[in-house]
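**Student:** Following this message is one structure expressed as structure tokens.
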Amino acid sequence: MKKKILLIISVVTLFLLNTVSAVDYETNDTQIKLIINNHETTAKMIKNPTSDEFLSLLPLNVELKDLFGREKYAALPTKITDNSQKTDTYSVGMLAYYEPTNSIAIYYENDNEKIKEG
75 MKKKILLIIS
85 VVTLFLLNTV
95 SAVDYETNDT
105 QIKLIINNHE
115 TTAKMIKNPT
125 SDEFLSLLPL
135 NVELKDLFGR
145 EKYAALPTKI
155 TDNSQKTDTY
165 SVGMLAYYEP
175 TNSIAIYYEN
185 DNEKIKEG
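The numbering used here puts the first residue of the sequence shown at 75, with every later residue one more than the last.
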């Protein structure tokens, strides 16, 4: 499973979203480096205040835990203000912010379930 996650993350461009959507978002020039199990990849950030606040937390070390066999998540040490557009869908390979639990998630499997709003 870890190899599958790393392969997906390496192949797919990652985006930081409040909750992920299939909608096209404007990206900025900011990329972050992700190191997962000694494997390195980058993520493009979308342009919004939530992304800006997340960037202010970097560098950041978190322990990822599995949830629902579709995502790896970790709580952030500081609450992020989230006034961004909300949605209940996601795509494999996306990095997301989930406000109700102040967590980030990386989606690696699509189970066609909706993301519960908090």
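Glycine included, C-beta positions come from ideal geometry on N, C-alpha and C. Everything numeric in this text was worked out from a predicted model, so none of it was measured.
Are the CB atoms of Ala179 and Lys146 nearer to each other than 8 Å?
**Tutor:** Taking the sequence shown and counting its residues from 1, the one referred to as residue 179 is at position 105. Taking the sequence shown and counting its residues from 1, the one referred to as residue 146 is at position 72. Result yes, Cβ atoms of Ala179 and Lys146 sit closer than 8 Å.
**Student:** Tell me the DSSP secondary structure of Asp126 in three-state form.
**Tutor:** Here residue 126 refers to the residue found at position 52 of the sequence shown. Reduced to three states, the DSSP call for Asp126 is helix.
**Student:** Report the CB separation of Gly143 from Glu183 in whole angstroms; it is logged as a contact under 8 Å.
**Tutor:** Your numbering for residue 143 matches position 69 in the sequence shown. Your numbering for residue 183 matches position 109 in the sequence shown. Yes, Gly143 and Glu183 are in contact; Cβ-Cβ is about 6 Å, under 8 Å.
**Student:** Do three or more CB pairs link the region 117 to 133 to the region 157 to 175 at distances below 8 Å?
**Tutor:** The answer is yes - the region 157 to 175 touches the region 117 to 133, with three or more Cβ pairs under 8 Å.
**Student:** Could you tell me the alpha carbon to alpha carbon distance between Lys139 and Ala148, rounded to whole angstroms?
**Tutor:** For the purposes of this step, residue 139 is taken as residue 65 along the sequence shown, with counting starting at 1. For the purposes of this step, residue 148 is taken as residue 74 along the sequence shown, with counting starting at 1. Approximately 6 Å between the Cα atoms of the pair.
**Student:** With hydrogens ignored, establish whether the beta-carbon of Lys146 is closer than 7 Å to any heavy atom of the ligand MG.
**Tutor:** This structure lacks the ligand MG, and indeed carries no ligand of any kind.
**Student:** Taking the alpha-carbon positions, what's the Leu129 to Tyr181 distance?
**Tutor:** What you label residue 129 is simply residue 55 of the sequence shown in a count that begins at 1. What you label residue 181 is simply residue 107 of the sequence shown in a count that begins at 1. Those two C-alpha atoms are separated by around 20 Å.
**Student:** Less than 8 Å between the beta carbons of Leu150 and Leu132, yes or no?
**Tutor:** Position 76 of the sequence shown holds residue 150. Position 58 of the sequence shown holds residue 132. No.
**Student:** Under the rule that 16 or more other beta-carbon atoms within 10 Å means buried, what is Thr124, buried or exposed?
**Tutor:** Here the question's residue 124 lines up with position 50 in the sequence shown. Burial call: buried.
**Student:** Around the Cβ of Asn135, are there at least 16 other Cβ atoms within 10 angstroms (buried) or fewer (exposed)?
**Tutor:** The residue given as residue 135 occupies position 61 in the sequence shown. Classification of Asn135: exposed, given that the 10 Å Cβ count is below 16.
**Student:** Quick check on this structure: which residue in Ile109, Asp103, Glu127 and Lys107 has the alpha carbon closest to the alpha carbon of Asn157?
**Tutor:** Within the sequence shown, residue 157 is the residue found at index 83, counting from 1. The residue with the shortest Cα to Cα distance from Asn157 is Glu127.
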